[in-house]
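The structure appears right after this line, and notes come after that.
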Amino acid sequence: MQAVFAAAQQTRGRCLEPGVRALASRCAAAAACFLESAAVLAFHSDAFTLPLPAGHRFPMGRYAMLREQVQRTLPGVRIHEAAPASDGELALAHEPAWIDAVVHGTTSAAEQREIGFPWSERMVQRSRRSVGATIHAARAALAGEGVAANLAGGTHHAHAHKGSGWCVFNDVAVAARLMQAEHHRDQLRLPKRQAGRGLRVIVIDLDVHQGDGTAAIFKDDPTVFTLSLHAARNFPARKVAGDLDVELPDGCTDAPYLAALDAALASAFERCATHPPGLAFYLAGADPHEDDRLGRLKLTAEGLAERDRRVFAELGRRGVPIALTMAGGYGRDIATTVALQRRTIALAFEAWQRWQSCQAAAPRSADAGMEESSR
Ligand SMILES: [Zn+2]
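Residues in the sequence shown are numbered from 368 upward in steps of one, following the numbering used here.
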C-alpha cells in the first residue's frame with residue numbers, strides 16, 4: 368500500500384490519460400484511507416481558550432501547541448475535535464447542583480477561587496469538551512483501537528460537588544461511569560449465558576499531584592480501582608485516600624520512581640485479580656519532570672518516557688485498552704512540557720501499533736481481555 372501511495376503521490380499534478388488519472392485517483396483515495404486507519408486516535412478540545420487575567424499561572428496555550436506539534440511531527444496520529452459532554456453524561460459523576468452552577472454561571476466567588484479560573488462561557492465549553500475528548504478516547508479504545516488519547520484532560524481534582532485546582536469537571540470519572548453504562552447496555556443485548564460481569568476500570572494517575580477528586584468520587588465504588596503515584600508534599604494539602612496511593616519524597620529521581628511504579632502496578636493488578644480491569648485511564652502528567660514549576664520531583668525526560676513505556680507495556684501485556692489523558696505540566700519553559708507530552712503521544716502510537724499487530728495475529732485477544740473482566 369505504501370508503494371501505491373508513493374506512486375499516487377508521484378503522479379499527482381501531472382497530465383495523465385483519463386483512465387490512468389482515474390486509477391491514480393483511486394490509488395490516492397485508498398492510500399489516504401490506509402493512512403487514516405494506520406494511526407492512533409487523539410481528540411482535542413483547544414478551540415476554547417480561557418480569557419485568563421494577565422500573569423495567571425495556568426499555561427493555557429500548551430494545548431494548542433501540543434496539537435500543532437503532534438499534527439506537524441507525528442503522522443501516525445489522527446486528530447479529531449471532541450464533542451462536548453452533555454449534562455446527562457456529566458451527571459454520572461457530578462451532582463446536578465454543581466453542573467447547574469457551572470453551566471449557568473452561578474458559582475460563588477469562593478468556588479471560582481477553588482477552581483482557580485474566573486467563570487466564563489468559554490470555561491463551560493472548554494470543560495465540557497475536555498470531558499468529551501476523554502469519552503471519545505475511552506470509547507475508541509474499547510471499540511478495538513486499544514489505545515486512544517485526549518490531548519488534554521486528566522482533571523482529577525474535580526469532585527462530584529465542586530471544582531478544584533484548575534479542574535471543573537472530572538473527565539476520567541465521567542468517562543469511566545459512561546463506559547461502564549454502555550458496557551452494561553451491550554451485555555443486556557447478549558443472550559443471558561453469554562452476558563458477563565460489569566466493566567471494571569483502573570485509573571493509573573501518574574500526575575505529580577494526588578488525584579483527590581477521582582479518589583473521592585470512587586471511594587465506595589469497587590468497580591473502579593484508583594492508583595495515584597504523587598509527590599507527598601504537593602497539592603492538594605488534604606489528600607483523599609484512593610485504592611492505592613504511593614507518596615514520593617521531594618526530589619525523587621528516575622530510579623526510585625520507576626521502582627515505585629513497578630511495585631504499584633504489580634500490587635494494583637494483584638488486588639484486581641478476581642475481577643481484572645477491562646479499561647484503563649492513564650493520566651500521564653508531565654509535571655513530575657525536573658524542570659516543572661510545581662512538581663517537586665526530579666524525573667528526567669528519559670525517566671518520564673520510561674514511565675510511559677512501562678505503563679503501556681503492562682497494560683498491553685494484560686490486554687487492557689487504554690484511554691490516555693495528558694493531565695498536568697507546568698514547565699518553566701512551556702515548550703519543555705509540550706515536548707514531554709508529545710513524546711508520550713509518540714509512545715502511545717507505538718503501543719497502539721503493538722495492540723493492532725496483536726489483534727491481527729489473534730483477532731479475539733482484545734475481546735478475551737474484556738471477557739475475563741466480565742462477571
Ligand atoms: Zn498535576
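Backbone N, C-alpha and C fix where the C-beta goes; we use that ideal spot for every residue, glycine too.
*Put Tyr624 into one of helix, strand or coil per three-state DSSP.*
helix
_Val705 beta carbon near ligand 1 (any heavy atom closer than 6 angstroms)_ = no
*Would you tell me roughly how many angstroms separate the C-alpha atoms of Gly563 and Gly683, rounded to the nearest one?*
22 angstroms
_Measuring alpha carbon to alpha carbon, tell me which residue in Ala458, Ala647 and Lys665 is nearest Val591._
Ala647
*Determine, using beta carbons only, whether Ala406 and Gly443 come nearer to each other than 7 angstroms.*
yes
_Close beta carbons around Ala525, own chain, < 7 angstroms, minus the five adjacent residues each side_ = Ser531, Cys534, Val535, Phe536, Asn537 and Gly580
*For Ala405, three-class secondary structure by DSSP*: coil
*What is the C-beta distance between Leu650 and Thr692, in whole angstroms, given that I count them as a contact (C-beta under 8 angstroms)?*
5 angstroms
_Looking at the strands, I want to know which residues DSSP matches up with Ala647._
Ile569 and Ile689
_Contact the segment 604-618 vs the segment 654-666: 3+ CB pairs below 8 angstroms_ = yes
*asked:* Quick check: is any heavy atom of ligand 1 less than 6 angstroms from the C-beta of Asp574?
replied: yes
*Which value, in whole angstroms, describes the spacing of the CA atoms of Leu419 and Glu481?*
15 angstroms
*Does at least one heavy atom of ligand 1 sit under 6 angstroms from the Cβ of Gly695?*
yes
*asked:* Is Asp654 close to ligand 1? I mean its beta-carbon at under 6 angstroms from any heavy atom of the ligand.
replied: yes
_Does Pro688 pass the burial test, meaning 16 or more other C-beta atoms within 10 Å, or should it be called exposed?_
buried
*From the DSSP output, in three-state form, read off Ser412 for me.*
coil
*Quick one: residues in its chain with C-beta nearer than 7 angstroms to the C-beta of Leu390, no 5 flanking neighbours on either side, listed in chain order?*
Here the model assigns Leu390 a pLDDT of 41, short of 50, so the residue's position is not dependable, and the following value carries that caveat. So no residue of the chain qualifies.
*How would you call His597, buried or exposed, if buried means at least 16 neighbouring beta carbons within 10 angstroms?*
buried
_Could you pull the DSSP bridge partners for Ile482 from this structure?_
Note: Ile482 sits in no beta bridge, so no partner.
*Give a yes or no on contact between the segment 511-529 and the segment 493-502, applying the rule of three or more CB pairs nearer than 8 angstroms.*
yes
*Go through its chain and collect everything with a Cβ distance to Trp722's Cβ below 7 angstroms, but skip five positions before and after it.*
Gly513, Val514 and Gly683
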